[in-house]
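Working notes, structure below.
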Amino acid sequence: MLKVGGYQAARAAGVAAGILPPDAARAAPLPCLHETTLHLPASQQFDAWRDANASFLTHHNPPSRPESYEAEATTWSFGRLALTKAETPGGAYSRTAECLRRDGLDHWCFSMALQGSRVHRTRDQITMMQPGQIMLDSLAQPFEVARTRSSWLYLYLPRDLLPETSGLGYGSRMLNTPEGRLLGEHVRLLSAELPRMSAPEAERMAEATQAMIALAIAPGLRAEPAISGPVATAQIMRLRALIRANLGSATFGPARLCRLAGISRSQLYRLFEVHGGVAQCIQRERLAAAHRALSNPADLRSISEIADSVGLFDASSFSRMFRRSYGISPRELRLATISGTHPPSAQASKAVFGMGSFPALLRFL
Numbered sequence: 535m536l537k538v539g540g541y542q543a544a545r546a547a548g549v550a551a552g553i554l555p556p557d558a559a560r561a562a563p564l565p566c567l568h569e570t571t572l573h574l575p576a577s578q579q580f581d582a583w584r585d586a587n588a589s590f591l592t593h594h595n596p597p598s599r600p601e602s603y604e605a606e607a608t609t610w611s612f613g614r615l616a617l618t619k620a621e622t623p624g625g626a627y628s629r630t631a632e633c634l635r636r637d638g639l640d641h642w643c644f645s646m647a648l649q650g651s652r653v654h655r656t657r658d659q660i661t662m663m664q665p666g667q668i669m670l671d672s673l674a675q676p677f678e679v680a681r682t683r684s685s686w687l688y689l690y691l692p693r694d695l696l697p698e699t700s701g702l703g704y705g706s707r708m709l710n711t712p713e714g715r716l717l718g719e720h721v722r723l724l725s726a727e728l729p730r731m732s733a734p735e736a737e738r739m740a741e742a743t744q745a746m747i748a749l750a751i752a753p754g755l756r757a758e759p760a761i762s763g764p765v766a767t768a769q770i771m772r773l774r775a776l777i778r779a780n781l782g783s784a785t786f787g788p789a790r791l792c793r794l795a796g797i798s799r800s801q802l803y804r805l806f807e808v809h810g811g812v813a814q815c816i817q818r819e820r821l822a823a824a825h826r827a828l829s830n831p832a833d834l835r836s837i838s839e840i841a842d843s844v845g846l847f848d849a850s851s852f853s854r855m856f857r858r859s860y861g862i863s864p865r866e867l868r869l870a871t872i873s874g875t876h877p878p879s880a881q882a883s884k885a886v887f888g889m890g891s892f893p894a895l896l897r898f899l
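Heads up: the sequence shown begins at 535 in the working numbering, then just goes up one per residue.
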């Protein structure tokens with residue numbers, strides 16, 4: 535389980551104090567991933583933080599080794615969104631092309647500083663951020679960051695939750711509008727309220743947050759063009775839509791995708807190169823579709839029927855690939871969905887911090 539330490543005790547205390555209704559103490563806690571170096575010897579803290587995030591980000595060694603590296607991050611998953619509150623020392627990190635190939639994540643990310651500042655570089659675009667400003671960027675592109683000691687909020691959402699015709703591109707965008715600032719305040723309040731919410735409450739909040747996001751990005755889209763690569767972005771989005779529409783065909787692959795899209799194989803491979811290749815992208819889409827179905831209590835199909843529907847007809851291969859991507863088997867996820875508990879993979883202690891993996895949490899969205 536992605537658990538929140540002390541969650542149930544805090545809710546029980548709220549009931550006793552009359553702050554929360556009596557049924558609040560029985561509400562299921564919201565899934566949460568907590569990462570910290572505070573329990574480690576100071577000399578081990580930087581290495582632990584760097585290694586635990588190595589598949590997602592590359593943390594660069596400072597010129598002189600820090601005496602300590604007290605860092606902490608908590609991520610709440612609600613609906614198909616995730617909110618991270620992080621407190622970290624100053625330093626530099628990057629999301630490289632190798633990271634993109636390794637984890638395949640292409641989520642959108644809204645970021646806002648509560649304290650501290652950072653310089654964010656994407657291709658030839660450099661953005662300086664101060665507390666209170668909110669920025670939208672994409673995990674589907676390499677970037678570099680240098681920051682001071684700071685406290686940050688990050689709101690993540692899958693790429694398909696924003697309109698494919700939005701023209702957002704893969705660049706970064708500062709939301710310096712009234713609507714953007716309103717979203718920033720909403721995210722700030724979320725970070726305070728999510729630890730006190732039950733899972734059903736947070737599901738409703740996810741819907742409200744998506745509406746707030748749609749409001750925040752619309753004015754910027756009308757006012758300024760996509761920052762970089764709009765043609766390539768539109769092609770990638772169209773190709774992903776074609777992939778999702780053809781998942782049920784076991785023979786669907788690059789050749790057929792080229793024919794459907796009307797592009798050459800070399801062009802196809804160039805477009806997907808930064809994402810780890812078109813074959814890996816198709817496999818990730820198949821597994822993600824299976825995960826969504828197995829996580830849906832209203833989907834009564836058997837595991838084999840779900841696997842067949844996404845073009846994964848070999849049961850042993852499907853189970854092996856699913857576990858490698860999500861940390862649990864299809865059967866374990868189905869049982870957790872039926873029982874209404876959180877997936878058992880969240881209890882596994884494979885990460886340095888003993889409470890799961892941040893990239894795995896994002897893949898669950």
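Glycine residues also receive a C-beta, built at the ideal position from the N, C-alpha and C atoms.
From this set, R826, I840, Q814, Q649, which residue's C-alpha is nearest R722's C-alpha? Numbered from its first residue, the sequence shown carries residue 722 at position 188. The residue with the shortest Cα to Cα distance from R722 is Q649.
Using only alpha-carbon positions, find the residue among T682, G714, Q659 that is nearest to T622. If you number the sequence shown from 1, residue 622 lands on position 88. Ranking the options by Cα distance to T622, first place goes to T682.
Under the three-state reduction of DSSP, which class applies to E601: helix, strand or coil? Counting from 1 along the sequence shown, the entry for residue 601 is found at position 67. Of the three classes helix, strand and coil, the one that applies to E601 here is coil, per DSSP.
To the nearest angstrom, report how far apart D842 and L794 are at their CA atoms. Position 308 of the sequence shown, counting from 1, holds the residue named residue 842. Position 260 of the sequence shown, counting from 1, holds the residue named residue 794. Cα to Cα, D842 sits roughly 22 Å from L794.
If we count Cβ pairs, one from each stretch, closer than 8 Å, do we get three or more for the segment 598–613 versus the segment 567–579? yes
On the three-state DSSP scale, how would you describe S851? Sequence index remark: in the sequence shown, residue 851 carries index 317 (1-based). In the structure shown, S851 sits in a helix (DSSP, three-state: H, G or I).
Are L791 and A824 closer than 9 Å when you measure CB to CB? As a working note, residue 791 is residue 257 in the sequence shown. As a working note, residue 824 is residue 290 in the sequence shown. Taking 9 Å as the Cβ cut-off, L791 and A824 do not qualify as a contacting pair.
Cα-Cα separation between P831 and I872, rounded to whole angstroms: Your numbering for residue 831 matches position 297 in the sequence shown. Your numbering for residue 872 matches position 338 in the sequence shown. The straight-line gap from Cα to Cα measures roughly 6 Å.
Which runs of the alpha helix (DSSP H) fall wholly inside the segment 720–808 and span at least 4 residues, in chain order? 733–757, 764–779, 788–795, 799–806
I'd like the span of the alpha helix (DSSP H) that includes V812, first residue to last. Taking the first residue of the sequence shown as 1, we reach residue 812 at position 278. Segment 812–828, the alpha helix (DSSP H) holding V812.
Give the DSSP-derived three-state secondary structure of S684 in the structure shown. On the sequence shown, position 150 is the one that residue 684 refers to. DSSP places S684 in strand when its eight states are reduced to three.
Given a cut-off of 9 Å on the beta-carbon distance, is the pair A733 and L564 in contact? Residue 733 sits at position 199 when you count from the first residue of the sequence shown. Residue 564 sits at position 30 when you count from the first residue of the sequence shown. Yes, Cβ-Cβ distance for A733 and L564 is below 9 Å.
Among R715, A784, D694, which residue has its Cα nearest to the Cα of P665? Within the sequence shown, residue 665 is the residue found at index 131, counting from 1. Closest option to P665, Cα to Cα, is R715.
With a threshold of 8 Å (Cβ to nearest heavy atom), would L895 be considered close to the ligand ATP? What this structure holds is no ligand at all, so the ligand ATP is not there to describe.
Nearest-angstrom Cβ-Cβ length linking W610 and L696, presumed shorter than 8 Å: As a first step, residue 610 must be located in the sequence shown, where it is residue number 76. As a first step, residue 696 must be located in the sequence shown, where it is residue number 162. Not confirmed; about 20 Å, so no contact.
Considering only C-alpha positions, which residue in the set S672, A674, Q667, A680 is nearest to L687? Sequence index remark: in the sequence shown, residue 687 carries index 153 (1-based). Selected option, being the one with the closest Cα: Q667.
Cutoff 6 Å; reference H720; Cβ partners in own chain excluding five residues on either side: Here residue 720 refers to the residue found at position 186 when the sequence shown is read from its first residue. Within the same chain, H720 has close Cβ partners M746.
Is the CB-CB distance between S672 and D640 below 9 Å? As a first step, residue 672 is located in the sequence shown; it is residue number 138 there, counting from the start. As a first step, residue 640 is located in the sequence shown; it is residue number 106 there, counting from the start. In this structure, D640 lies closer than 9 Å to S672 by Cβ.
Tell whether a beta-carbon distance below 9 Å holds between A822 and R897. Residue mapping note: residue 822 aligns to position 288 of the sequence shown, counting from 1. Residue mapping note: residue 897 aligns to position 363 of the sequence shown, counting from 1. Result yes, Cβ atoms of A822 and R897 sit closer than 9 Å.
Which same chain residues, not among the five before or five after R756, have their C-beta less than 6 Å away from its C-beta? To locate residue 756, count along the sequence shown from 1; it is residue 222. Confidence in R756 is poor, its pLDDT being 41 and thus under 50, which makes the residue's placement too unreliable to answer from.
Taking R636 as part of the alpha helix (DSSP H), name the residues at either end of that continuous run. Numbered from its first residue, the sequence shown carries residue 636 at position 102. 631–637 is the extent of the alpha helix (DSSP H) around R636.
With DSSP run on the structure shown, which of helix, strand or coil describes I660? Numbered from its first residue, the sequence shown carries residue 660 at position 126. Residue state, collapsed to three classes: strand.
N-terminal and C-terminal residue of the beta strand (DSSP E) that L567 is part of: Within the sequence shown, numbered from 1, the residue matching residue 567 stands at position 33. From DSSP, the beta strand (DSSP E) with L567 extends over 566–570.
Determine the burial state of S684: buried for a count of at least 16 other Cβ atoms within 10 Å of its Cβ, exposed for fewer. On the sequence shown, residue 684 is found 150 positions in, with the first residue counted as 1. So S684 counts as buried.
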